[in-house]
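Participant:
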Amino acid sequence: MLTAYDLMTQNPQTIAPEDDVVTAARIMLDKRYNGLPVVEADGTLIGIICQSDLINQHKRLNVPSFFTVLDGLIPLGFSSNTDAEIRKISASTVAEAMTPAPASVTEETPIDEIATLMVDNKYHSLPVVKNGKLVGIVGKEDILRTLLPKEEPKE
1 MLTAYDLMTQ
11 NPQTIAPEDD
21 VVTAARIMLD
31 KRYNGLPVVE
41 ADGTLIGIIC
51 QSDLINQHKR
61 LNVPSFFTVL
71 DGLIPLGFSS
81 NTDAEIRKIS
91 ASTVAEAMTP
101 APASVTEETP
111 IDEIATLMVD
121 NKYHSLPVVK
131 NGKLVGIVGK
141 EDILRTLLPK
151 EEPKE
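Under full-length UniProt numbering, read the sequence shown as residues 1 to 155, first letter to last.
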């Protein structure tokens with residue numbers, strides 16, 4: 001059975017947490033990537049930033065309504081995620097916009113497990129890690145390529 005090692009792109013394009021979101025957007029558009037692994041200088045995977053994380057900056061923020069009872073404000077419809085939403089919408093760096101601690105696989109992860117993770121969680125790509133360090137990435141296109149017949153070597 002095929003594994004992540006057989007499918008992955010080794011040494012994928014990455015981005016640093018201190019880079020700005022404009023740089024991330026430019027790389028994704030220029031290279032037609034859905035997302036980029038976010039790594040520390042030593043190669044440790046700390047997050048992933050996807051197109052949806054950046055599109056989130058244009059999202060409408062639902063501000064909770066308040067009513068007053070005995071001189072106290074009580075929020076209506078307050079979400080515990082409101083603070084996180086505000087931080088993502090106003091993000092200027094990759095670290096502020098990224099999804100921290102992303103799902104990842106190892107080089108030994110079988111293709112059926114990778115496909116299940118992608119479909120069930122709507123992931124477009126999964127980082128491949130070894131001892132916490134990024135060694136590759138597997139995207140939906142990598143899985144799709146396995147459906148194509150192998151080309152015969154030309155003589």
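Yeah, the Cβ is synthetic: ideal placement off N, Cα and C, and Gly gets one too.
Near P17, which residues of its chain fall below 6 Å by C-beta distance, leaving aside the five closest residues on each side in sequence?
Facilitator: The residue you call residue 17 lines up with position 17 of the sequence shown. Contacts found: V38, V94, A95.
Participant: Taking the CB atoms as reference points, tell me whether A97 and I49 lie closer together than 8 Å.
Facilitator: Walking along the sequence shown from the start, residue 97 turns up at place 97. Walking along the sequence shown from the start, residue 49 turns up at place 49. Contact flag set, yes.
Participant: Looking at the secondary structure, which residues open and close the alpha helix (DSSP H) in which K31 lies?
Facilitator: Position 31 of the sequence shown, counted from the start, is the residue given in the question as residue 31. 21–31 is the extent of the alpha helix (DSSP H) around K31.
Participant: Got a sec? Which residues, its chain only, sit under 6 Å from D6 by beta carbon, not counting five neighbours each side?
Facilitator: Walking along the sequence shown from the start, residue 6 turns up at place 6. Excluding positions up to five away in sequence, the list is empty.
Participant: Out of curiosity, what's the CA-to-CA distance linking T3 and K130?
Facilitator: As a working note, residue 3 is residue 3 in the sequence shown. As a working note, residue 130 is residue 130 in the sequence shown. Going from the Cα of T3 to the Cα of K130 covers about 14 Å.
Participant: On the premise that T99 lies in contact with V128, defined as a C-beta separation below 8 Å, what is that separation, rounded to the nearest angstrom?
Facilitator: Within the sequence shown, the letter at position 128 stands for residue 128. Within the sequence shown, the letter at position 99 stands for residue 99. No, V128 and T99 are not in contact; Cβ-Cβ is about 17 Å, not under 8 Å.
Participant: Given a cut-off of 8 Å, decide if I114 and residue 185 are closer than it, judged by their beta-carbon atoms.
Facilitator: Any property of residue 185 remains undetermined from this structure, which presents the chain solely from 1 to 155.
Participant: With distance defined between alpha-carbon atoms, name the residue in T109, D30, G35 nearest to L54.
Facilitator: On the sequence shown, residue 54 is found 54 positions in, with the first residue counted as 1. Here the closest residue by C-alpha is G35.
Participant: So what does K130 bridge to, in DSSP terms?
Facilitator: The residue given as residue 130 occupies position 130 in the sequence shown. Paired residue(s): K133.
Participant: Can you check whether the CB of A103 is closer than 8 Å to the CB of L126?
Facilitator: Locating residue 126 in the sequence shown gives position 126, where the first residue counts as 1. Locating residue 103 in the sequence shown gives position 103, where the first residue counts as 1. Contact: yes.
Participant: Please classify P149 as buried or exposed, where buried requires at least 16 other C-beta atoms within 10 Å of its C-beta.
Facilitator: As a position in the sequence shown, residue 149 is number 149, starting the count at 1. Counting Cβ neighbours within 10 Å, P149 comes out exposed, since fewer than 16 surround it.
Participant: Is the CB-CB distance between I15 and A25 below 8 Å?
Facilitator: Locating residue 15 in the sequence shown gives position 15, where the first residue counts as 1. Locating residue 25 in the sequence shown gives position 25, where the first residue counts as 1. Going by C-beta atoms, I15 is not nearer than 8 Å to A25.
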